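S.K.:
Chains as they are written, first to last, in our numbering: chain A, 2 to 114; chain B, 3 to 117.
(1) Beta-carbon separation of residue 33 of chain A and residue 94 of chain A under 9 Å?
(2) Cβ of residue 24 of chain A within 9 Å of Cβ of residue 56 of chain A?
(3) Compute the Euclidean distance between the alpha carbons of residue 13 of chain A and residue 43 of chain A, then round it to the nearest angstrom.
(4) Let's test the definition: count the other Cβ atoms within 10 Å of the Cβ of residue 68 of chain A and tell me whether it reaches 16, buried, or not, exposed.
(5) Residues of the stretch 41-55 of chain A in Cβ contact with chain C at a cutoff of 8 Å, in chain order, please.
(6) 9 Å is my cut-off, CB to CB: does residue 79 of chain B come that close to chain A?
(7) Which residues in chain B have a C-beta closer than 9 Å to the C-beta of residue 102 of chain A? List them in chain order.
(8) Quick one: residues in its chain with C-beta nearer than 6 Å to the C-beta of residue 109 of chain A, no 5 flanking neighbours on either side, listed in chain order?
(9) Determine the closest residue to residue 18 of chain A out of A:78, A:46, A:54, with distance taken between C-alpha atoms.
(10) Taking 9 Å as the threshold (C-beta atoms), are residue 45 of chain A and residue 108 of chain B in contact?
(11) Compare the C-beta of residue 116 of chain B against all C-beta atoms of chain A and say whether one is closer than 9 Å.
(12) Count the other CB atoms, across all protein chains shown, that sit within 10 Å of the CB of residue 112 of chain B; report buried if there are 16 or more and exposed otherwise.
(13) From residue 39 of chain B to residue 29 of chain A, what distance separates their C-alpha atoms?
(14) In three-state terms, what does DSSP make of residue 15 of chain A?
(15) In chain A, what lies closer than 8 Å to residue 111 of chain B by C-beta?
(16) Between the C-alpha atoms of residue 65 of chain A and residue 18 of chain B, what's the straight-line distance to the nearest angstrom?
(17) If you follow the beta strand (DSSP E) that residue 58 of chain B is in, where does it begin and where does it stop?
(18) With 16 as the cutoff for other CB atoms within 10 Å, does residue 33 of chain B come out buried or exposed?
(19) Helix, strand or coil for residue 86 of chain B? Go by DSSP, reduced to three states.
Quick look at the structure:
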């Protein structure tokens with residue numbers, strides 16, 4: 002059974018810092034990995050999608066890497082801003098005929114002005 | 003092109019009542035997924051549907067919960083005889099292809115409170 006773990010559970014940093022969020026998964030047989038952002042009381046916004054054959058994806062100040070063999074992904078946020086404050090979720094689509102995403106519990110990020 | 007639309011956004015039900023949650027996928031998307039987010043928990047997959055077919059309901063409780071995605075109209079997640087433990091945020095996602103191959107787009111969610 003696939004399990005996704007995100008570390009740290011919460012993070013508070015001053016504005017302007019670069020930061021890294023970590024995600025690990027137990028079964029390396031994945032199709033893809035997605036990073037989402039969730040604001041309080043809101044839905045999920047997809048940030049980056051990495052296919053299993055890819056190593057990384059970039060969008061603006063965000064860079065996500067994937068090491069499928071070791072079961073790890075990182076989300077790098079450059080030059081953080083207060084508007085980046087949110088919960089960041091990592092999710093994988095696994096093989097073995099399973100449908101649907103398996104989510105981690107998220108990292109609650111606060112960027113201090 | 004509107005995103006995934008869920009309604010209602012907030013729903014309050016008394017114990018024993020029925021809750022009906024609706025999800026309209028993005029235009030051109032024929033795959034719908036329902037997830038539940040319990041307080042302090044991560045999102046959990048419930049069910050995957052295509053038009054008129056339930057493909058995978060492995061994450062759905064065996065009793066009181068049902069889902070459909072008719073040929074016309076939105077997908078419906080139905081919870082009968084709700085209990086306090088059903089209080090959660092329910093999210094719907096849609097994709098143009100089966101989720102394993104493509105990005106999923108999520109709605110704003112329906113927050114169900116059972117009193």
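Glycine is no exception: its CB is placed at the ideal position from the N, C-alpha and C atoms. Nothing here was measured: the structure is a model prediction, and the numbers come from that model.
M.R.: On the basis of the supplied data:
(1) Mapped onto the first chain, residue 33 of chain A falls at position 32. Mapped onto the first chain, residue 94 of chain A falls at position 93. Against a cut-off of 9 Å, the Cβ pair of residue 94 of chain A and residue 33 of chain A comes out as a contact.
(2) Taking the first chain and counting its residues from 1, one reaches residue 24 of chain A at position 23. Taking the first chain and counting its residues from 1, one reaches residue 56 of chain A at position 55. In this structure, residue 56 of chain A does not lie closer than 9 Å to residue 24 of chain A by Cβ.
(3) Reading the first chain from its first residue, position 12 is the one you call residue 13 of chain A. Reading the first chain from its first residue, position 42 is the one you call residue 43 of chain A. So the alpha carbons of these two residues sit roughly 21 Å apart.
(4) In the first chain, the residue the question calls residue 68 of chain A occupies position 67. That one is exposed.
(5) Reference to chain C is not applicable here, since the protein chains of this structure are A and B.
(6) Residue 79 of chain B sits at position 77 when you count from the first residue of the second chain. For residue 79 of chain B, the answer is no, since every Cβ of chain A falls outside 9 Å of its Cβ.
(7) Numbered from its first residue, the first chain carries residue 102 of chain A at position 101. Residues of chain B passing the Cβ test: 35, 37, 45, 47, 95, 101, 106.
(8) Here the question's residue 109 of chain A lines up with position 108 in the first chain. Correct list, in chain order: 11, 88.
(9) Your numbering for residue 18 of chain A matches position 17 in the first chain. The option with the nearest alpha carbon to residue 18 of chain A is A:78.
(10) On the second chain, position 106 is the one that residue 108 of chain B refers to. On the first chain, position 44 is the one that residue 45 of chain A refers to. It is a contact, given that the beta carbons lie within the stated cut-off.
(11) Walking along the second chain from the start, residue 116 of chain B turns up at place 114. Answer no: the Cβ-Cβ gap between residue 116 of chain B and chain A never drops below 9 Å.
(12) Position 110 of the second chain holds residue 112 of chain B. Around the beta carbon of residue 112 of chain B, a 10 Å sphere encloses 16 or more other beta carbons of the protein chains shown; the residue is thus reported as buried.
(13) As a working mapping, residue 39 of chain B is identified with position 37 in the second chain. As a working mapping, residue 29 of chain A is identified with position 28 in the first chain. Those two C-alpha atoms are separated by around 24 Å.
(14) As a position in the first chain, residue 15 of chain A is number 14, starting the count at 1. The answer is strand: DSSP assigns residue 15 of chain A an E or B state.
(15) If you number the second chain from 1, residue 111 of chain B lands on position 109. Neighbours of residue 111 of chain B on chain A, chain order: 43, 44.
(16) Within the first chain, numbered from 1, the residue matching residue 65 of chain A stands at position 64. Within the second chain, numbered from 1, the residue matching residue 18 of chain B stands at position 16. Between residue 65 of chain A and residue 18 of chain B, the C-alpha separation is close to 45 Å.
(17) Here residue 58 of chain B refers to the residue found at position 56 of the second chain. Unbroken beta strand (DSSP E) run through residue 58 of chain B: 55-58.
(18) Within the second chain, the letter at position 31 stands for residue 33 of chain B. Taking every protein chain shown into account, the CB of residue 33 of chain B has 16 or more other CB atoms within 10 angstroms, so this residue is buried.
(19) Walking along the second chain from the start, residue 86 of chain B turns up at place 84. Correct three-state label for residue 86 of chain B: helix.
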